[in-house]
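Structure record follows, encoded as structure tokens.
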Amino acid sequence: MKPILELKNISKNFPGIKALDQVSFSIIPGEVHMLLGENGAGKSTLMKILCGAYQADAGELYYQGEQIEIHSPSDAKKFGIAVIFQEFSLVPYLNIAQNIFLGREFSGWIPGTIDHSKMHAEARRLLDSLSVEYDTHTLVHTLGVAQQQMVEIAKALSQNAKILVMDEPTAALSDRETTLLFEMIHKLKAQGVAIVYISHRMAEVFSMGDRISVLRDGQYVGSADPQKTTPDELVQMMVGRTVDMVYQKNFVSKPGAIALRVENLCSSNGIRDIHLEVRCGEIVGLAGLVGSGRTEVARAIFGADPVTSGRVEVFGNDRVGEPFHSVELGLSLIPENRKSEGLALIRTVEENIVLAGLKKLFPSNWIRLSRSEQVANDLITRLRIATPSGKRPALVLSGGNQQKIVIGKWLSTESKIFIFDEPTRGIDVGSKSEIFSLIYKLVQDGAAVLLISSELSEIVRVCDRVYVMREGTISGELSGDLINEANVLKLGMADV
Amino acid sequence: MKFKSTRIVLLMMGLTLGIPGKVIAADEKIAVFTKNQTNPFFQAFRLGADSAAKQMGASTTHYIPTKPDSIPEQLSSIDDVVVKKPNGIVLIPVDYKAISPGVKKINEANITVVNATDRSEGGNFANFVGAHDYNTAFAAGTALVKALNGKGNVIIVEGVRGVLGNTDRVRGFKNAIEKSPDIKLLASQPANYQRLQALQVMENLMQTYPKIDGVLAANDAMATGIAEALEGANRKALIVGINGSKEAVEAIRAGKMLASGDAAPFLQGCFATMSVIRAVRKMPVPKEIIFPAIVVEKATLANYDLPPEKQSCPTWESIVR
Amino acid sequence: MSNIHILSKNLGYRNYFQRIPGVAMMLMVGIFFFGILSKDFLSVSNLTNIGLQSSILLLISLPMTLVIMTEGIDMSIGALLTFCGVVMAYTLSVTHSLPIAICLAMCSGLLVGLINGSIIVYWKLPPFVVTLGTLGICQSLALVVTDGQSITDVGEIVQLAYNGKVGGVAIPLIFSVIAYFITYFLLYQTRFGIYVCAIGGNRESLNLAGVSTNFYHLAVYAFSGLMAGVASILLTARMSAGHPTAAIGMEFDAIAAVVVGGTSFEKGNGWLLGTLLGVLTVGVLRNGLNLLGVPSSVQVASIGLLVLVALLIDSMKMKS
Amino acid sequence: MPIFPNLKNSDELSALFYRLFVVIFICIGLSFLSEAFLTVNNLLNVLRQASLLFLMASGLTLVILTAGIDLSVGANVGMSACLAGTVLLATGSTTLGFLTGICCGALIGLANGLLVTLLRLPSFIATYGMLWILHGITYYFMAGATINGFSKSFRMIGSGYWFGIPVPIYMMLFFLISGSIFLRYTIFGQQIYALGANPVTARLSGVPVTRRLLLVYILSGITAGLASLVFLARLNSAEGDIGEALTLPAIAAVLIGGTSLFGGVGTMLGTLIGALILTLVLNGMNILSIDGNLQALVTGVIIIVSVLLDLILRRKSVV
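In structure tokens, the structure reads:
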């Protein structure tokens, strides 16, 4: 089968970095082409070039054999290329239908006007095909993350594209929606759509992929056949160095005193009578489907959402009021959404790192620049944050490094309890393992860790105990050998 | 039942008392329009109006744009007042031309209206009460020229460009100094009737002009500001303002200012109101009452000891014959 | 897209009621209150009165809504309105031809709007600063054209634009209604409207959708300028003169009306009807207080209170 | 020595550099056009005038750093001035006058702060409403009167000299330095930057957002109060709308100074430069006695050009 789209020796430079270097890459109708690579390996740049957001500095594109050029998003559309982006491209105060057909509205009888009814009908049809039933009139800002992702997918499908590029489409999806998506992908394959699928989840890579290509530091490393390769090989290709398998845990954690105790906690954000406790020196997982209220629990514990009843004890003393009390008590939260909740993007790496620790570092309220600089640099080296200097704004760094900054922020406060909310969402394998070894380090030094994750494998491999949530409350606790994917799923799913 | 009858009795008593009422209060409602809240001139005018109304047993309501000197707002207020139909209106138009549609409206509703201070271009009024800005400015300017013995360097500090009063005053100043060839007009810069801006404009002008003998300011606030500027640079110049406001009087007494053209705001208020009430009561009023342009100087200070809020209007006959 | 859409279609009546912004309540309260206290208030003549007085503000508040929806702001619109008025009056005094005058007024409005837009869109300068600059420029131009005088030899016909009636309805009202529906149509029935919302909400995605964002962004400011031109017709007619300081500072009234009407400075969340209500509320308040003969200083304060209370009611609703 | 902005942060440094360039450019231009410009006297004079603007703008800078804005600053100055003036005349005690002015300013700031934090009103509207309310109250009590004639000792702060340099300039320097130190060398400053850049992050990182916002608005109020005192002392009199004319210029100064309306970026020095630019322009136009009709135009153009120039130059440096 000959490729519908071929990229030959594509290069793209940004001031400072070589984002893509001589990358060649082909897309064949009716197959799912898995694209792997660490963050900053050039995947997103490649996508941006495909969808016309960037132009390549060098190299050729061939569409069904003849050479073409993509100068703008509209060109990309001409060639039937559609992209599902990772960071949402939805407009908050437009409704679902308008978002799906943004830029491709159905004209009404007067030129320039819109045929609302037709648009909603079409949107309805699409959503049904994904078998999700939100009203097409709802404004997207009222939707949850997973729902928005589904709208994203619908939007891409609506362009009935010949080439469909998906960047981490399942990152925000619950298992149910994921299966829906996969069915949809199979349908599309049958229709002969070519799919480029970017993912960090090995399971997906092997279950969905027909072909696997790996990028590293903007260069094409090689292809692999999912039948003939193993996760470790892939990881090696991606990272370029042999990493001991990501989650491997080479110590036995010895739980100590109770660090965090939560008693029948209820919050206006929808969670009800939550009981849990985390001891020093152990990693406790908080599992459950997306939307089962894990993040809400974290926020309520941290004081980010108002507590309506129940209590949170930190080392024996009550936590009340705003987050800054929690911080003083040594509680720390690595939020799910690092860009909008974890970082002040326009401020420098250094300022971000010391932000949470200011009070601890400078009890006199007077800042010694040398001190903060030194603290920041220590953490930058310790966490292997890849940045030219602490004086660069945080927004120029890659996802993995940004996540490290968010963690570093809490290391600069000598806090003893860490709540990680999806610490590895959309992060490459390399940084993943680093982040976990970091977590292990913390635990060995006697910190208490509460880990929220959608990746069961993570939960199962890493945690000493696991609380499973369902519909806003805790449906069960697992420990020891009972911790396995099956049990977690059973507790997480609504009773069947 | 019982108290009802008593009430009727009282009421009849009231009537009987009321019968010879021609002489005492008929209590007309008079709407008074002024330009802004902050300028002492209009404050004095309002006080004059109130005192006159009190004397003649009428009542006043004041309409002032919430944004200083806003034409649309004064027009709107006029519309509203016309709906309300007061017995008489005293109108100081924010702009003598742009307000004329409002005047037209008043006339159509045939409400008696007196024009004060700035002579409105269109419409028919019971009469006009005022002292022309031009004359006042001219007189004040002449006072300065006299004090300078007809020679020296002079600066004009203007108010808000585009506001009528300012245009007339500046014209008055200029004509006054043009009369004597040896007087040199160095510059004429706007300071928007603002004390601070006047002060800073003066400071800046002093940098370019080493020798300034006289300053003509379009109102007293600016004049005093300029006085401060000169004092700060300890330089001397004769300053002339306009309005004859309280602070100007003090400044003149203290020798900080030379003079201030007095447009007699209080009297204007008095007689504008008196004439509108008289017109309503079908008593004769002259076509116009123009107050001679007076200049407050050391010599004439005695007449200004009493601040407006303590003054009360002179009798109609004392002025109008 | 607009809140109103989902409200009617989705949530049904109770929520729609719940969502009534503070400004609407203020308006009802105001009408009720003044209606009782002043016999003249509810008279037809007075109500038209309010309508007439609000017309100019409405004409510039409508485009302001769109501008604010694109996360921008137009500080120059008051000065621009003044400038256009002056241009119109001047042309009339020279040519005595109404069509030419109107045409020129609207053109100069459009032109300045385009300038604002181009600087903001193509040079990526913050709208606030840019329009602050053009504010000064327009103010000066108005002064230069008139040399600080007001221009009055504009002839009689002009006044008709404000005092005239068509089929018993005052022309400014007709202006307002047409303007409102045109804007409504643009915002809720056309691509333009969707893109305006998208520019404020998520510009990147609009670009990726292959829409030339800049064009529509520019169009918004152009529209704003054009409407200033239209409003200047009424302004000139109202004063039957051109005056170089007539509408200085009106931009704040417009912005206040828009925001009080429930349009927010972020994420392209706008509501056109709210703007209309906002404008009317201010009009009712001023008129009512005048009828009651409340001292001006109190009026000043109560306008401030109105703005705050209206928003307070909304923020209370948010909480509940 | 980096007391001013974070001089190690190349972006902030370059931003300032280009703005300084604008100032120098204007100065050179003016000194060619008029020999009266480049004299010690005039420069001192410009500085003194800039200091009044800067006093108002310095507090405003903090507010804008938190992505807010304070439109009531001018009205605040007006009210504080009138109140302080009345007290000064009534009691004749300078200290009491000072206290009144500053407290009045601070209280108004507090009111703004509460509206913005507790009631979550957008600062633009909250302070706009406040503006009208303050004016109303001031007009009501002043009733068109002006107050004047203050003691020499009090007027020192406005019109006095120390070592041949006007006192307001010292105040300006004091506010510049203390302001910069506050922003750079106290955790409050850092927290204010963070909270301007991303309030959510700031809150989740243990910044007491509400308190910091209140602090910012109160400080802005206090600077307004102080400005009002300097106005009083400088003018030796006050009326209701004193300072209103300076609201927009103050905001313009902050924005020209490179502080972003979206918060999180900006410096005191930048604001000072902004104030200088505006003052220089006016000073120049007076010195050259440019036609009054054109003055607003020139200012407008300068505002746009200075921002644009900065932008162009910086793009160059980036690419």
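Protein chains in written order, with my numbering: chain C, 2 to 497; chain A, 87 to 407; chain S, 379 to 698; chain G, 249 to 567.
Just so you know, even glycine gets a beta-carbon here, dropped at the ideal spot from N, CA and C.
All values derive from a computational prediction rather than experimental measurement.
Can you check whether the C-beta of residue i is within less than 8 Å of a C-beta belonging to chain S?
i              : result
A20 (chain C)  : no
E207 (chain A) : yes
Y388 (chain G) : yes
V167 (chain A) : yes
N541 (chain G) : yes
V364 (chain G) : no
Measuring only between beta-carbons, confirm whether residue i sits less than 8 Å from chain C.
i              : result
T561 (chain S) : no
Q567 (chain S) : yes
I384 (chain S) : Summary for I384 (chain S): the model assigns pLDDT 35, below 50, so the residue's position carries little reliability; its value from the coordinates is reported in the next sentence. Closer than 8 Å: yes.
S693 (chain S) : no
Taking the alpha-carbon positions, what's the residue i to residue j distance?
i              : j              : result
D418 (chain S) : C352 (chain G) : 41 Å
L476 (chain S) : I535 (chain S) : 8 Å
G392 (chain G) : T401 (chain A) : 26 Å
D155 (chain A) : F346 (chain G) : 33 Å
Q567 (chain S) : V499 (chain S) : 24 Å
Y376 (chain G) : V638 (chain S) : 11 Å
L439 (chain C) : E351 (chain C) : 20 Å
Q517 (chain S) : E123 (chain C) : 51 Å
Q237 (chain C) : T519 (chain G) : 53 Å
T46 (chain C)  : K156 (chain C) : 21 Å
G384 (chain G) : V676 (chain S) : 6 Å
M470 (chain C) : V285 (chain C) : 13 Å
I438 (chain S) : V598 (chain S) : 13 Å
L565 (chain S) : L440 (chain S) : 10 Å
If we count the other Cβ atoms within 10 Å of its Cβ and call it buried at 16 or more, is residue i buried or exposed?
i              : result
T547 (chain G) : buried
D558 (chain G) : buried
N381 (chain S) : Because the pLDDT at N381 (chain S) is just 38, under 50, the model does not fix this residue reliably, and the value given afterwards should be weighed accordingly. N381 (chain S) is buried by the Cβ-count criterion.
G66 (chain C)  : exposed
T515 (chain G) : buried
E106 (chain C) : buried
E244 (chain A) : buried
E114 (chain A) : buried
With distance defined between alpha-carbon atoms, name the residue in the options nearest to residue i.
i              : options                         : result
R383 (chain C) : C:Q150, C:I475 and C:I436       : C:I436
I241 (chain A) : A:I338, A:T198 and A:L316       : A:L316
K322 (chain A) : A:A309, A:K342 and A:E336       : A:K342
Q23 (chain C)  : C:I29, C:N14, C:P30 and C:G31   : C:N14
Q445 (chain C) : C:F102, C:V253 and C:L235       : C:V253
N10 (chain C)  : C:A98, C:Y221, C:G38 and C:M120 : C:Y221
So is residue i in contact with chain G if we call contact Cβ pairs under 8 Å?
i              : result
D452 (chain S) : no
R339 (chain A) : no
P30 (chain C)  : no
Taking Cβ positions only, does residue i come closer than 8 Å to chain A?
i              : result
L483 (chain G) : yes
I490 (chain G) : yes
**Asked** Would you call the stretch 298-307 of chain C and the stretch 315-329 of chain C in contact, with 3 or more CB pairs under 8 Å?
**Response** With a cut-off of 8 Å, the stretch 315-329 of chain C and the stretch 298-307 of chain C count as touching, because enough Cβ pairs lie within range.
**Sufficient close CB pairs (3 or more, under 8 Å) joining the stretch 399-418 of chain S to the stretch 385-402 of chain A** = Taking 8 Å as the limit for Cβ pairs, the verdict is that the stretch 385-402 of chain A does not touch the stretch 399-418 of chain S.
**Stretch-stretch touch, CB-based, cutoff 8 Å, three pairs: the stretch 301-320 of chain G with the stretch 425-445 of chain G** = The answer is yes - the stretch 425-445 of chain G touches the stretch 301-320 of chain G, with three or more Cβ pairs under 8 Å.
**Prompt:** Are the stretch 461-472 of chain G and the stretch 352-367 of chain G touching by the rule of at least three beta carbon pairs closer than 8 Å?
**Reply:** Output reads yes: the stretch 352-367 of chain G touches the stretch 461-472 of chain G.
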